[in-house]
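One rule links them: number in my numbering = place in the sequence shown (from 1) + 634. All remarks here apply to the structure that follows.
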Amino acid sequence: MHERIADGIFQVGGGAFSSPSDCLVYALDLGEVVLVDCGCGPSWPRIGKNMLEAGLGDPHTLVLTHAHVDHIGAAPAVVRETGCRVAAHELDADAIESGDERLTAAGWYGLTLETMSVDHRMQGEGEVLEFPSGSLHLLHTPGHTPGSIAAWTETEQGRVLFGQDVHGPFSPSFGSDVDAWRTSMARLLDLEAEILCEGHYGVFRGKQRVRTFIEEQLDINR
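Here it is in structure tokens:
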């Protein structure tokens with residue numbers, strides 16, 4: 635099961651696509667395949683099958699948007715099976731590599747994470763990953779976790795934003811900072827994306843609908 639979102643962009647995991655425990659997982663064909671998050675882990679075989687059915691090969695790069703287990707749990711298996719490189723922000727990378735039960739929220743899910751390596755540690759506020767047929771822009775969006783990142787790319791259908799946990803939640807146990815999150819949401823609004831691929835709430839289309847969703851979350855989390 636997969637769903638085409640825009641040219642070369644698919645949802646391949648989360649909910650009925652793989653498991654309700656998984657975040658929504660997105661795959662991009664930029665001449666090389668990029669996977670944005672990968673789910674909790676147990677349902678990775680189904681996500682991999684969904685990618686094949688979408689006409690996608692193995693991922694070249696796995697972007698982990700933050701350290702939580704529902705986004706990173708499958709990463710060790712993905713790396714073993716595909717040899718892909720893993721990218722994450724340096725402020726969440728240590729938690730990802732160690733599988734810290736508290737910072738990854740693994741305890742909430744009753745899961746144990748394998749240790750692993752982050753190949754590319756994003757530093758600073760933003761950078762661009764270049765691929766044969768496109769670019770993926772990474773933007774540091776702290777708040778949900780210290781090292782949360784969003785990603786965006788340009789398509790024929792407009793700018794597509796991967797804002798995985800725009801909605802939160804927030805907890806001192808994994809280093810949340812609501813004030814920093816509000817600043818991060820303002821940066822996402824400035825992007826004026828045509829499509830938002832959120833990590834749990836689904837896909838929002840049209841600049842106004844994207845803006846409305848983000849502003850609704852800001853109102854909820856005053």
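Note that CB positions come from ideal geometry on N, CA and C, so glycine has one too.
Top-ranked residue by Cα proximity to Gly802, from Gln757, Arg755 and Ala814:
Ala814
By how many angstroms is the C-alpha of Gly777 removed from the C-alpha of Ser810?
5 Å
Rounded to a whole number of angstroms, what is the C-alpha to C-alpha distance between Met635 and Leu669?
16 Å
When the Cα atoms are used, what is the spatial distance from Ser769 to Phe651?
26 Å
Report the rounded CA-to-CA distance for Pro676 versus Arg755, giving the unit in angstroms.
26 Å
Please report the Cβ distance between Gly797 and Glu832, rounded to the nearest whole angstrom; I am assuming they are in contact, meaning their Cβ atoms lie under 8 Å.
6 Å
At which residues does the alpha helix (DSSP H) containing Pro693 begin and terminate?
That residue, Pro693, is in no alpha helix (DSSP H); its beta strand (DSSP E) goes Pro693 to Val697.
By DSSP, does Val703 sit in helix, in strand, or in coil?
helix
Mind checking which residues open and close the alpha helix (DSSP H) that includes Thr716?
Ala709 to Thr716
Are the CB atoms of Met750 and Val720 within a distance shorter than 9 Å?
yes
Around the Cβ of Pro780, are there at least 16 other Cβ atoms within 10 angstroms (buried) or fewer (exposed)?
buried
Spatial distance of Gly758 from Lys683 (CA atoms)
35 Å
Pro651 by DSSP, collapsed to three states: which one?
As written in the sequence, residue 651 is Phe, which differs from the Pro given in the question. Correct three-state label for Phe651: helix.
Can you tell me the Cβ-Cβ gap for Ala701 and Trp678, rounded? I've got them flagged as a contact below 8 Å.
18 Å between Cβ atoms; not a contact.
Using the C-alpha atoms, what's the distance from His694 back to Leu763?
12 Å
Tell me the DSSP secondary structure of Leu770 in three-state form.
strand
Let me know the secondary structure DSSP gives Leu669 once reduced to three states.
strand
In angstroms, rounded to a whole number, what distance separates the CA positions of Ile854 and Asp641?
33 Å
Between which residues of its own chain and Val667 is the CB-CB distance below 7 Å, once the five residues before and five after are set aside?
Ala661, Leu690, Gly691, Asp692, Pro693 and His694
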